[in-house]
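Quick note on numbering: the sequence shown equals residues -17 to -1, 1 to 242 in mature numbering (1 follows the signal peptide of the UniProt record, and there is no 0). This report refers to the structure that appears directly beneath it.
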Amino acid sequence: MFLKKSLVLAFTAFVLCESGFVEQLPKCKLSDNECKRGLIESALRILAKTGLPEKGIPKIDPFSIHNVSLSIPDVIDLTLVDGRVKGIKDCAMNKFTASIEDEHASLEMTCDITIKGQYKVFSDSPFIKTFSGGETVNGEGNGKVKIDKIFLRFDFDYFFQNRDGQVYIKCKNDKLKYNYDVKGKMVFYADNLFIGGKESSKSVMDVMNQNWKFLMTTFGKPFMDKSTDFIMEFLQKLFDVIPANNMFEDDLSKYARDE
């Protein structure tokens, strides 16, 4: 009897959590791109703060990252050992458009993001040595990056999918394209950074902060690739667990297919 009651309570909590989230979302016409923009923005802000754990969606502001390695060949190897990303819940969705006929969508957003945590870095590349007097650069300590007003645009294909008697949105990321631009500025901080065995954190940070545009233009893509993977994974998790009829007023059955 105790087990039966526990299962009933757990199922009730599961349903209430999901329905509570869905009830906070606007319901849109397929033709209303402004409403869809607001829907995506509302979903991001709600889930960023609370997540939807019963559906496998954790809260993402702050978002914890562990042992994320980024390597720019012949330039630098960087690992964020333990860090946190803040600011996602306040991202502004500038524009969202989706064509039913072309099964294509585009999303534009602007965010203020702060990343801080423990890092490891190493480089003995000729390029870095031109800035370090020919010395190897390495470090292991605390770091922080603050990005003001980073603009992101994503273009991707999608379709409506029949699944388990419901219609869901399925993103097709194999043709995903994105671009980005920092409209504000970037500020770097790190301690315990060495050039040829000499503690040089301040001088390195001064150079990076003076040349952040060059650094972002030249070396930003691997970092943005990781960010894009995260954003699209979040969108797909949302679309995978919330039937599309909870987001749209239209009859979607005529657009959906088995795939």
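No residue lacks a Cβ here, since even glycine has one placed at the ideal position from N, Cα and C. The structure displayed is predicted, hence computed values, not measured ones.
Item to complete: Please name the residue, chosen from Val58, Val224, Arg146, that lies closest to Asn121 on a Cα-to-Cα basis.
Response: Here the question's residue 121 lines up with position 138 in the sequence shown. Comparing Cα positions, the closest option is Val58.
Run through DSSP, which three-state label would Asp73 get? Here the question's residue 73 lines up with position 90 in the sequence shown. It is helical.
Phe217 - partner residues in DSSP beta bridges:
Residue numbering aside, residue 217 sits at position 234 when the sequence shown is read from its first letter. DSSP lists no partner for Phe217.
Worksheet item: To the nearest angstrom, how far is it from the Cα of Thr62 to the Cα of Gly124?
Response: Here residue 62 is taken as the residue at index 79 of the sequence shown, counted from 1. Here residue 124 is taken as the residue at index 141 of the sequence shown, counted from 1. Going from the Cα of Thr62 to the Cα of Gly124 covers about 11 Å.
**Closest by C-alpha distance to Asp241, when choosing among Arg28, Lys153, Lys129** = Residue 241 sits at position 258 when you count from the first residue of the sequence shown. Among Arg28, Lys153, Lys129, the Cα nearest to that of Asp241 is on Lys153.
Among Ile29, Asp85, Gln219, whose alpha-carbon lies nearest the alpha-carbon of Tyr238? To locate residue 238, count along the sequence shown from 1; it is residue 255. Distance from the Cα of Tyr238 is smallest, within the candidate group Ile29, Asp85, Gln219, for Asp85.
ask   = How close, in whole Å, do the beta carbons of Phe202 and Ile55 come, if the pair is a contact with beta carbons under 8 Å?
value = Numbered from 1 along the sequence shown, position 219 holds the residue referred to as residue 202. Numbered from 1 along the sequence shown, position 72 holds the residue referred to as residue 55. Indeed, because the Cβ distance is near 5 Å, the residues count as touching under 8 Å.
Hey, Asn228 and Val150: beta-carbon distance below 8 Å or not? Counting from one through the sequence shown, the residue named residue 228 turns up at place 245. Counting from one through the sequence shown, the residue named residue 150 turns up at place 167. Closer than 8 Å, so yes.
Closest by C-alpha distance to Glu17, when choosing among Lys78, Leu235, Ser115, Gln7: Residue numbering aside, residue 17 sits at position 34 when the sequence shown is read from its first letter. Nearest of Lys78, Leu235, Ser115, Gln7 to Glu17, Cα basis: Lys78.
Checklist entry - Roughly how far, in whole angstroms, is the beta-carbon of Leu30 from the beta-carbon of Ile40, given that I think they are within contact range, below 8 Å? => result Indexing the sequence shown from 1 puts residue 30 at position 47. Indexing the sequence shown from 1 puts residue 40 at position 57. Going by Cβ atoms, the distance from Leu30 to Ile40 rounds to 6 Å, so yes, they are a contact pair.
Could you check the C-alpha separation between Phe(-7) and Asn145 for me, to the nearest Å?
By one-based count along the sequence shown, residue -7 stands at place 11. By one-based count along the sequence shown, residue 145 stands at place 162. The predicted model places Phe(-7) with a pLDDT of 36, which falls under 50 and marks its position as unreliable, so this point remains unresolved.
### Query
Of the residues Ser52, Lys129, Asp233, Leu90, which one's Cα is nearest the Cα of Ala75?
Here residue 75 refers to the residue found at position 92 when the sequence shown is read from its first residue. Between Ala75 and the set Ser52, Lys129, Asp233, Leu90, the nearest pair of CA atoms involves Leu90.
- Query: Is any heavy atom in the ligand ZN found nearer than 7 Å to the beta carbon of Gln7?
  - Reply: As for the ligand ZN, it is missing from this structure, which has no ligand bound.
_Runs of 3 residues minimum, wholly inside the segment 134 to 197: which ones carry the beta strand (DSSP E) assignment?_
The segment 134 to 197 is shown to contain whole beta strand (DSSP E) runs of 3 or more residues at 149 to 165, 169 to 173, 176 to 178, in chain order.
Does the segment 188 to 199 come close enough to the segment 103 to 112 that 3 or more CB-CB pairs lie under 8 Å? These segments do not touch.
Practice prompt. Would you mind stating whether Asp44 and Lys72 have Cβ atoms separated by less than 8 Å?
Written response: Within the sequence shown, the letter at position 61 stands for residue 44. Within the sequence shown, the letter at position 89 stands for residue 72. In contact: Asp44 and Lys72 (Cβ atoms closer than 8 Å).
Selected residue, minimal CA-CA separation from Asp208, among Asp60, Phe134, Asn162: For the purposes of this step, residue 208 is taken as residue 225 along the sequence shown, with counting starting at 1. Just measuring C-alpha positions, the residue of Asp60, Phe134, Asn162 sitting nearest Asp208 is Asn162.
Next on the checklist: I need the straight-line Cα distance from Val224 to Glu37, nearest angstrom please.
Outcome noted: Taking the first residue of the sequence shown as 1, we reach residue 224 at position 241. Taking the first residue of the sequence shown as 1, we reach residue 37 at position 54. Each residue's Cα considered, the two are about 10 Å apart.
Exercise. Classify Ser183 as buried or exposed, calling it buried when 16 or more other Cβ atoms lie within 10 Å of its own Cβ.
Key: Position 200 of the sequence shown, counted from the first residue, corresponds to residue 183. So Ser183 counts as buried.
Q.
If distances are taken between C-alpha atoms only, which option among Asp15, Gly21, Leu13, Ser14 comes closest to Gln7?
A. Translated into positions along the sequence shown, residue 7 becomes position 24. Residue Gly21 is the option with its Cα nearest to Gln7.
message: If you reduce the DSSP assignment to three classes, tell me which class Ile40 lands in.
response: Within the sequence shown, residue 40 is the residue found at index 57, counting from 1. DSSP places Ile40 in strand when its eight states are reduced to three.
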